[in-house]
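Below: the structure, in structure tokens.
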Amino acid sequence: GESVGLHLPTLSVQEGDNSIINCAYSNSASDYFIWYKQESGKGPQFIIDIRSNMDKRQGQRVTVLLNKTVKHLSLQIAATQPGDSAVYFCAPYPPHGQNFVFGPGTRLSVLP
Amino acid sequence: SQTIHQWPATLVQPVGSPLSLECTVEGTSNPNLYWYRQAAGRGLQLLFYSVGIGQISSEVPQNLSASRPQDRQFILSSKKLLLSDSGFYLCACLGSQETQYFGPGTRLLVL
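Those protein sequences? They're chains A and B, same order as listed. Position one of the first sequence corresponds to residue 1 (the working numbering), numbered consecutively onward. Position one of the second sequence corresponds to residue 1001 (the working numbering), numbered consecutively onward.
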């Protein structure tokens, strides 16, 4: 089955710096990946996704990189702001008949 | 786009009391629906999922049950709450798009 790990369960960055959150996955057949942001007391929100035919996708201040060779994703947040403080999860889309697996997430704290 | 409603937002219940949490979905039809529980500082634990009306699958043995009386309604219940049922309960939906969307959650405290 799928297992999802997250490097560095906590990450502290200075406001204005760039943040990089990493995620490893185990199923080499995974072909679609989603990043979620969960603020305190709220449900996870979709941030950005990427398919396995891409190695990079950019959104507004966020970029996701996918390295299928080593089964690793990263979420980069440019010019980190206080509003970016949250827990971030990556979720590989599950194979048919299976359900999403979520790791514990990485808590991003933005320091003033 | 899909919208997921959950209520109540917060609930404090005594041990041994019943529970009913409701989730409704707008903007999609025939979605897969999910109930997750999240302990403080932890990941999401899948409790139940449903691929259609009346179809419920349970991921872990527990004190809770789920029902899906309508296509876009998913209910989480318990006859007698335990202290260990405290947590943050999230309803999620997987519709026509390949993305799972989450509701705002219900924080349950059992005393």
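From the three backbone atoms N, C-alpha and C, an ideal C-beta is built for every residue, glycine too. As the structure is a computational prediction, the values presented were derived from the model and not from experiment.
**Request:** Compute the Euclidean distance between the alpha carbons of glutamine 60 of chain A and proline 104 of chain A, then round it to the nearest angstrom.
**Result:** As a first step, residue 60 of chain A is located in the first sequence; it is residue number 60 there, counting from the start. As a first step, residue 104 of chain A is located in the first sequence; it is residue number 104 there, counting from the start. Straight-line Cα distance between these residues: approximately 25 Å.
**Request:** Could you tell me whether any Cβ in chain B is nearer than 8 Å to the Cβ of aspartate 84 of chain A?
**Result:** Counted from its first residue, the first sequence places residue 84 of chain A at position 84. It does not; no Cβ of chain B falls within 8 Å.
**Asked** How about phenylalanine 1102 of chain B: is its C-beta nearer than 8 Å to some C-beta of chain A?
**Response** Within the second sequence, residue 1102 of chain B is the residue found at index 102, counting from 1. Taking Cβ atoms only, chain A reaches closer than 8 Å to phenylalanine 1102 of chain B, which makes this a yes.
**Prompt:** Where do the N-terminal and C-terminal ends of the beta strand (DSSP E) with proline 1112 of chain B fall, by residue?
**Reply:** The requested residue 1112 of chain B does not occur in the structure, where chain B is confined to residues 1001 to 1111.
**Item:** Contact set for serine 1065 of chain B: own chain, Cβ-Cβ below 6 Å, skip 5 residues either direction
**Value:** Taking the first residue of the second sequence as 1, we reach residue 1065 of chain B at position 65. Sequence-distant partners of serine 1065 of chain B (beyond 5 residues in either direction) whose C-beta falls short of 6 Å from its own C-beta, in its chain, are Ser1077.
**Prompt:** Can you tell me the Cα-Cα spacing of leucine 65 of chain A and glycine 97 of chain A, whole angstroms?
**Reply:** Counted from its first residue, the first sequence places residue 65 of chain A at position 65. Counted from its first residue, the first sequence places residue 97 of chain A at position 97. Computed Cα separation, rounded: 27 Å.
**Item:** Through-space distance from valine 1015 of chain B to leucine 1114 of chain B, alpha-carbon basis
**Value:** As shown, chain B starts at 1001 and ends at 1111. That puts residue 1114 of chain B outside it, with no answer to give.
**Asked** Looking at the structure shown, is glycine 1087 of chain B part of a helix, part of a strand, or coil, going by DSSP?
**Response** Numbered from 1 along the second sequence, position 87 holds the residue referred to as residue 1087 of chain B. If DSSP states are grouped into helix, strand and coil, glycine 1087 of chain B belongs with the strands.
**Request:** Excluding the 5 residues preceding and the 5 following threonine 1010 of chain B in the sequence, name in chain order all residues of the same chain whose CB lies nearer than 6 Å to its CB.
**Result:** The residue you call residue 1010 of chain B lines up with position 10 of the second sequence. The beta carbon of threonine 1010 of chain B lies closer than 6 Å to those of Arg1107 in the same chain, with the five residues before and after it left out.
**Message:** Taking the beta strand (DSSP E) that arginine 1042 of chain B belongs to, which residues open and close that run?
**Reply:** As a first step, residue 1042 of chain B is located in the second sequence; it is residue number 42 there, counting from the start. First-last for arginine 1042 of chain B: undefined, no H or E at that position.
**Request:** Determine whether the Cβ of glutamate 1022 of chain B lies closer than 8 Å to any Cβ atom of chain A.
**Result:** In the second sequence, counting from the first residue as 1, residue 1022 of chain B sits at position 22. With 8 Å as the cut-off, glutamate 1022 of chain B does not count as an interface residue toward chain A.
**Item:** 8 Å Cβ cut-off: residues of chain A touching glycine 1043 of chain B
**Value:** Sequence index remark: in the second sequence, residue 1043 of chain B carries index 43 (1-based). Chain order gives the chain A residues near glycine 1043 of chain B as Phe89, Phe102, Gly103, Pro104, Gly105, where near means a beta carbon separation below 8 Å.
**Prompt:** If you run the structure through DSSP and keep just helix, strand and coil, what is proline 82 of chain A?
**Reply:** Sequence index remark: in the first sequence, residue 82 of chain A carries index 82 (1-based). Helix at proline 82 of chain A.
**Message:** If I measure Cβ to Cβ from leucine 1094 of chain B and keep anything under 7 Å in the same chain, skipping five residues before and after, which residues do I get?
**Reply:** Within the second sequence, numbered from 1, the residue matching residue 1094 of chain B stands at position 94. Counting only Cβ-Cβ distances below 7 Å, and skipping sequence neighbours, we find Pro1031, Asn1032, Gln1100.
**Item:** Opposing strand residues paired with glycine 1052 of chain B [DSSP bridges]
**Value:** Translated into the one-based positions of the second sequence, residue 1052 of chain B becomes position 52. In the DSSP assignment, glycine 1052 of chain B is bridged to B:Gln1055.
**Per-residue burial, glycine 1 of chain A [other beta carbons within 10 Å of its own, 16 or more giving buried]** = What you label residue 1 of chain A is simply residue 1 of the first sequence in a count that begins at 1. A caution first: glycine 1 of chain A carries a pLDDT of 38, below 50, which makes its placement in the model too unreliable to give a value.
**Message:** For chain B, check one thing: does any of its Cβ atoms lie closer than 8 Å to the Cβ of proline 92 of chain A?
**Reply:** The residue you call residue 92 of chain A lines up with position 92 of the first sequence. No, because no Cβ of chain B sits closer than 8 Å to the Cβ of proline 92 of chain A.
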